[in-house]
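Visitor: Residue numbering for the sequence shown follows this note's numbering, beginning at 2 and increasing consecutively. No residue lacks a Cβ here, since even glycine has one placed at the ideal position from N, Cα and C. Dumping the structure here so I can ask a few things about it.
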Amino acid sequence: MATILEFDGKSPQIHPSVFLAPSAVIIGNVKVEAGASIWFGAVLRGDDPSHGIVIGPRTSIQENCVVHVGRWGPTVIGTDVTMGHGAKLESCTIGDRTVIGMNATILQNAIVDEECLVAANTVVLENAEIPARSLVAGVPGKVKKKLDGSAAEWIKGGGAHYVSLSREYLRQGIGTGNPDTESSDGGRAEI
């Protein structure tokens, strides 16, 4: 069963349709919206007294990811975002339908707009602003090109696979969440 902990009087708010892997950890001021999935070993640490974390609808936080929040501001992850294995985010904003590659790091006050691809192992520095539909790679992360054609279409549809896979895990009795609960809520929460 996932570990869900209150911190400083704030408890995580988790929609009933969210898939929580048994080893996921969610602490404090965190809101996880409908249809999202929090995979094995992922940690969502909302332990700042002033700011929280929002995980948007149908967003996938994969194995060993760390999402943290600090004094710099909230961490807001949009709708249909795929956060690859081992990625790390702190006090940043990720736009809808963006893919964060494996082991990428997004630092404080960075903004990655919608439909971007942040390549594996990329480090997006503090205060960086990445425009919509960009491919970002490197250390430090730089925009390499605009995404278009099949790459842009792949980014838009990437999240559906993880929604489906999370439902199958739940049907097989793995993790917590209700596979039959409506998970298409596109509304956004504020923290």
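1) What's the gap between the Cα of Val124 and the Cα of Ala105?
2) With Ala25 and Thr60 assumed to form a contact (beta carbons below 8 Å), what rounded beta-carbon distance in angstroms separates them?
3) Count the other CB atoms, across all protein chains shown, that sit within 10 Å of the CB of Gly178; report buried if there are 16 or more and exposed otherwise.
4) Quick check on His162: does DSSP put it in helix, strand or coil?
5) Which runs of the beta strand (DSSP E) at least 3 residues long sit entirely within the segment 116-168? Give them in chain order.
6) Can you give me the Cβ contacts of Ile101 inside the same chain, cut-off strictly under 8 Å, excluding the 5 residues immediately before and after it?
7) Go ahead and label Gly187 buried or exposed: buried means 16 or more other beta carbons lie within 10 angstroms of its beta carbon, across all protein chains shown.
8) Using only the alpha-carbon positions, how far apart do Leu136 and Lys147 sit?
9) Please report the distance separating the alpha-carbon of Asn122 from that of Gly142.
10) Would you say Ile62 and Thr76 are within 8 Å of each other, going by their C-beta atoms?
11) Looking at the strands, I want to know which residues DSSP matches up with Val31.
Guide: Once the coordinates are examined:
1) Taking the first residue of the sequence shown as position 1, residue 124 is located at position 123. Taking the first residue of the sequence shown as position 1, residue 105 is located at position 104. Each residue's alpha carbon lies about 6 Å from the other.
2) As a working mapping, residue 25 is identified with position 24 in the sequence shown. As a working mapping, residue 60 is identified with position 59 in the sequence shown. Contact flag wrong, Cβ pair sits at about 13 Å.
3) In the sequence shown, the residue the question calls residue 178 occupies position 177. Counting Cβ neighbours within 10 Å, Gly178 comes out buried, since at least 16 surround it.
4) On the sequence shown, residue 162 is found 161 positions in, with the first residue counted as 1. Taken through DSSP and simplified to helix, strand or coil, His162 comes out as helix.
5) 135-138, 143-147
6) Locating residue 101 in the sequence shown gives position 100, counting from the first residue. The answer, listed in chain order, is Val82, Thr83, Met84, Gly85, Ala88, Leu90, Ile95, Ile107, Val113, Val119.
7) For the purposes of this step, residue 187 is taken as residue 186 along the sequence shown, with counting starting at 1. Model confidence at Gly187 stands at a pLDDT of 46, short of 50, so the residue's coordinates are unreliable and nothing is read from them.
8) Sequence index remark: in the sequence shown, residue 136 carries index 135 (1-based). Sequence index remark: in the sequence shown, residue 147 carries index 146 (1-based). Cα to Cα, the separation comes out at about 6 Å.
9) Indexing the sequence shown from 1 puts residue 122 at position 121. Indexing the sequence shown from 1 puts residue 142 at position 141. Answer to the nearest angstrom: the Cα atoms are 9 Å apart.
10) Translated into positions along the sequence shown, residue 62 becomes position 61. Translated into positions along the sequence shown, residue 76 becomes position 75. Contact flag unset, no.
11) Looking up residue 31 in the sequence shown gives position 30. Note: Val31 sits in a beta bridge opposite Ile54.
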